[in-house]
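Novice:
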Amino acid sequence: MGSAVSKHKRKRINSDVSSKNEREVGKEEVEKEEVKKEEVEKEENNEDKPKEQNALEEKETDTTETDTKGVASQASMEPKDIMISYSHQDKDKMRLLKDALEAEGITVWVDEVGLQAGVEFLNKIGQAIVDAKLFLSLLSCKSVSSKYCRDELALAYVSSKPIFPCTIESRDKVTKGMDFGMKLQLAPLKWFNFTNDKPFDSVSKELANEVKDKLQELSSSSRKQQKNDEGKSKRPTFKRLRSKLNVHHRQLSVEGKHKDFWQKFYPDVDFVPWTTFVEDLKTEYDAEIENWYKEGDLDWLIQVLHREMDEDEDEVIQKEHYEEFCTVSGERQEFWQRVQEQALESYTMREVFSMNSSVRIDAIQNLAKFNSSSVIESLLDLCVDVDENVRAVAAISLARTGVRDDEHIMNTIMRLLKDKDRLVRESGCLALGHMKAKKAIPKLVHLWRNDAISNVREAAAIALEQIGGEEAQKAMHITKVLSEEIKALSNKH
Numbered sequence: 008m009g010s011a012v013s014k015h016k017r018k019r020i021n022s023d024v025s026s027k028n029e030r031e032v033g034k035e036e037v038e039k040e041e042v043k044k045e046e047v048e049k050e051e052n053n054e055d056k057p058k059e060q061n062a063l064e065e066k067e068t069d070t071t072e073t074d075t076k077g078v079a080s081q082a083s084m085e086p087k088d089i090m091i092s093y094s095h096q097d098k099d100k101m102r103l104l105k106d107a108l109e110a111e112g113i114t115v116w117v118d119e120v121g122l123q124a125g126v127e128f129l130n131k132i133g134q135a136i137v138d139a140k141l142f143l144s145l146l147s148c149k150s151v152s153s154k155y156c157r158d159e160l161a162l163a164y165v166s167s168k169p170i171f172p173c174t175i176e177s178r179d180k181v182t183k184g185m186d187f188g189m190k191l192q193l194a195p196l197k198w199f200n201f202t203n204d205k206p207f208d209s210v211s212k213e214l215a216n217e218v219k220d221k222l223q224e225l226s227s228s229s230r231k232q233q234k235n236d237e238g239k240s241k242r243p244t245f246k247r248l249r250s251k252l253n254v255h256h257r258q259l260s261v262e263g264k265h266k267d268f269w270q271k272f273y274p275d276v277d278f279v280p281w282t283t284f285v286e287d288l289k290t291e292y293d294a295e296i297e298n299w300y301k302e303g304d305l306d307w308l309i310q311v312l313h314r315e316m317d318e319d320e321d322e323v324i325q326k327e328h329y330e331e332f333c334t335v336s337g338e339r340q341e342f343w344q345r346v347q348e349q350a351l352e353s354y355t356m357r358e359v360f361s362m363n364s365s366v367r368i369d370a371i372q373n374l375a376k377f378n379s380s381s382v383i384e385s386l387l388d389l390c391v392d393v394d395e396n397v398r399a400v401a402a403i404s405l406a407r408t409g410v411r412d413d414e415h416i417m418n419t420i421m422r423l424l425k426d427k428d429r430l431v432r433e434s435g436c437l438a439l440g441h442m443k444a445k446k447a448i449p450k451l452v453h454l455w456r457n458d459a460i461s462n463v464r465e466a467a468a469i470a471l472e473q474i475g476g477e478e479a480q481k482a483m484h485i486t487k488v489l490s491e492e493i494k495a496l497s498n499k500h
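This is the structure in structure tokens:
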């Protein structure tokens with residue numbers, strides 16, 4: 008059987024889907040708002056640079072101060088003990104901290120010399136985060152307002168890294184500049200204060216000791232995990248069990264809320280209308296909501312909770328589903344604690360995998376390193392996101408996790424074949440082809456024959472070729488023969 012699409016088209020469509028998506032949507036994107044800040048004023052004449060390079064325009068452009076020895080040491084992409092994320096306006100403080108950690112025998116990764124080392128090096132920031140054992144966020148008013156620093160922190164959370172917040176300005180001042188997602192990530196953690204309140208050497212020593220303790224803990228845990236995994240299949244699997252996205256992170260409990268939310272409001276019923284549930288939630292946690300969420304953020308949170316808890320999609324919350332929501336990795340948690348945790352997980356996944364994320368491509372390429380059940384669950388949630396670009400990226404990301412033959416994942420991606428957005432349909436086709444989802448053959452054939460958009464038809468054809476097998480070949484052969492006969496009849500007239 009001849010190829011359904013030319014090799015040229017196949018290469019164009021199936022080369023790297025994430026890059027294709029970026030190309031389609033990138034036409035509508037404006038330059039990142041950080042480009043307007045002081046730290047990138049030097050680059051205002053470089054507007055024609057590739058988007059991959061623009062994504063890092065916040066980074067230092069003046070590399071004349073960087074010595075040759077620093078370039079040589081940074082050129083290595085070997086995994087380090089800790090990765091430091093920072094604003095380049097804080098480079099002097101970063102260097103002091105880096106030197107202090109390295110003096111304690113801790114290996115450190117920073118992108119200080121990225122521009123001198125080349126664009127390819129700059130594009131490895133996401134990989135460095137995933138590969139590092141720990142993540143350090145150097146906090147200042149500049150860094151918390153940086154889209155790139157927020158993206159890097161979000162990826163560290165999604166890839167389940169222990170996070171060490173280190174502030175060089177007062178905590179109150181820095182916190183005021185954070186969005187609610189960054190606050191959720193950092194509020195429960197111990198902060199190391201590198202202001203003038205304590206001597207630098209004293210705080211850096213305390214930090215180094217805790218870093219080394221955590222490294223030792225991770226090493227011990229890794230050895231136990233390797234021992235448990237001996238003899239087990241290496242093929243990725245997905246078990247539908249609610250688990251933590253970042254095992255090192257735990258949201259703070261709410262003081263004074265001792266009684267379970269459901270027991271307080273609905274002690275004698277097994278279900279409640281969604282609208283009633285929302286109103287009671289707002290009443291019970293009005294102070295917490297006012298502290299954490301602006302009006303737009305609250306609307307988003309309500310949508311997330313609705314998606315997570317109204318599993319039957321009937322605008323009713325079942326007590327059973329409420330209990331499932333509150334139970335993570337077999338541990339029952341307070342309701343508001345789970346609300347905050349769910350908000351954080353949804354926020355960080357969206358930050359990492361959205362089209363304007365500076366770490367999205369690296370995250371997708373490195374998914375196999377941290378594709379836990381919680382990551383997959385979060386990607387499934389993104390498949391129903393209101394943003395069509397997020398849905399498209401989520402489909403491709405699910406395919407890249409390596410999990411196959413899971414009915415829930417396949418069904419979720421197959422539903423995207425009916426999406427109103429053509430890029431989502433195209434991504435769904437290519438994801439199913441990558442997964443070799445035989446179950447999807449009838450729907451892919453339908454799209455190949457009937458979709459109004461040629462790119463979607465081509466993607467469906469590629470997916471069918473990737474899946475292969477007698478069923479796919481037969482369906483494509485019949486369609487091809489019919490098309491040729493119709494064309495022949497048309498030519499006679």
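In our numbering, each residue carries its 1-based index in the sequence shown increased by 7. Glycine is no exception: its CB is placed at the ideal position from the N, C-alpha and C atoms.
My understanding is that Glu395 touches Leu430, with C-beta atoms under 8 Å, so please give their C-beta distance in whole angstroms.
Specialist: 7 Å
Novice: Can you check whether the CB of Ser144 is closer than 8 Å to the CB of Ile113?
Specialist: no
Novice: Indicate whether Arg432 and Leu424 have their beta-carbon atoms separated by less than 8 Å.
Specialist: yes
Novice: If contacts are defined as beta-carbon pairs under 8 Å, then Lys443 and Arg411 qualify, I think. What distance do you get, rounded to the angstrom?
Specialist: 7 Å
Novice: Kindly indicate which residue of Ala468, Ile448, Ile469, Leu162 has the alpha-carbon position closest to the one of Glu478.
Specialist: Ile448
Novice: Is Leu214 closer than 8 Å to Phe199 when the C-beta atoms are compared?
Specialist: The Cβ atoms of Phe199 and Leu214 lie closer than 8 Å to each other.
Novice: Give me the DSSP bridge partner(s) of Asn200.
Specialist: Asn200 pairs with Thr174.
Novice: Among Arg102, Val393, Val279, Glu358, which has the Cα closest to the Cα of Tyr155?
Specialist: Cα-wise, what sits closest to Tyr155 is Glu358.
Novice: Would you identify the three-state DSSP class for Gln340, choosing helix, strand or coil?
Specialist: coil
Novice: Give the C-beta separation of Val119 and Val366 to the nearest angstrom, bearing in mind that I take them to be a contact with Cβ-Cβ under 8 Å.
Specialist: A quick correction: the sequence has Glu, not Val, at residue 119. Their Cβ separation, rounded to whole angstroms, is 18 Å, which puts Glu119 and Val366 out of contact at 8 Å.
Novice: Is the CB-CB distance between His256 and Pro172 below 8 Å?
Specialist: no
Novice: Determine the closest residue to Gln344 out of Val382, Glu295, Asp321, with distance taken between C-alpha atoms.
Specialist: Glu295
Novice: Compare the beta carbon distance of Glu318 and His328 with 8 Å and say whether it is the shorter of the two.
Specialist: yes
Novice: Using the beta-carbon count (16 or more within 10 Å), is Arg422 buried or exposed?
Specialist: Counting C-beta atoms within 10 angstroms of its own C-beta, Arg422 has fewer than 16 neighbours from the protein chains shown and is therefore classed as exposed.
Novice: So what does DSSP say about Val393, is it helix, strand or coil?
Specialist: coil
Novice: Taking the continuous beta strand (DSSP E) assigned at Leu103, which residues delimit it?
Specialist: For Leu103, there is no enclosing beta strand (DSSP E); the residue is part of the alpha helix (DSSP H) that begins and ends at 98-110.
Novice: Put Met90 into one of helix, strand or coil per three-state DSSP.
Specialist: strand
Novice: Going by DSSP, what residue range makes up the beta strand (DSSP E) through Ser144?
Specialist: 141-146
Novice: Just checking my contact of Ser91 with Val115 at CB under 8 Å: how many whole Å lie between their CB atoms?
Specialist: Reading off the sequence, residue 91 comes out as Ile, not Ser. Their Cβ separation, rounded to whole angstroms, is 6 Å, which keeps Ile91 and Val115 in contact under 8 Å.
Novice: What separation, rounded to the nearest whole angstrom, lies between the Cα atoms of Tyr300 and Thr290?
Specialist: 14 Å
Novice: What is the DSSP secondary structure of Val431, counted as helix, strand or coil?
Specialist: helix
Novice: Per DSSP, what kind of secondary structure is Pro280 in: helix, strand or coil?
Specialist: strand
Novice: Helix or strand or just coil, what does DSSP make of Ile416?
Specialist: It is helical.
Novice: What would DSSP say about Val115, mapped onto helix, strand or coil?
Specialist: strand
Novice: Which whole-angstrom value is the C-beta distance of Ser152 and Ile175, which I expect to be below 8 Å?
Specialist: Ser152 to Ile175, Cβ: 14 Å. No contact.
Novice: Going by the beta-carbon positions, is the gap between Ile383 and Thr408 smaller than 8 Å?
Specialist: yes
Novice: So who's on the other strand from Gln325, going by DSSP bridges?
Specialist: Phe278
Novice: Alpha carbon to alpha carbon, how far is Phe207 from Lys100?
Specialist: 10 Å
Novice: Where Tyr292 and Lys131 are concerned, what is the direct C-alpha to C-alpha distance, given to the nearest angstrom?
Specialist: One C-alpha to the other measures close to 42 Å.
Novice: Among all the DSSP beta bridges, which residues are the ones paired with Val335?
Specialist: Glu338
Novice: Would you mind sorting His504 into buried or exposed? The rule is 16 or more other CB atoms within 10 Å of its CB.
Specialist: Residue 504 lies beyond the residue range present for the chain, which begins at 8 and ends at 500; the question has no answer from this structure.
Novice: Quick one: what does DSSP say Val366 is sitting in, helix, strand or coil?
Specialist: Val366: coil per DSSP, three-state reduction.
Novice: In whole angstroms, what separates the C-alpha of His441 from that of Ala139?
Specialist: 29 Å
Novice: Suppose contacts are defined by Cβ-Cβ distances below 8 Å. Is Asn373 in contact with Gln192 by that definition?
Specialist: no
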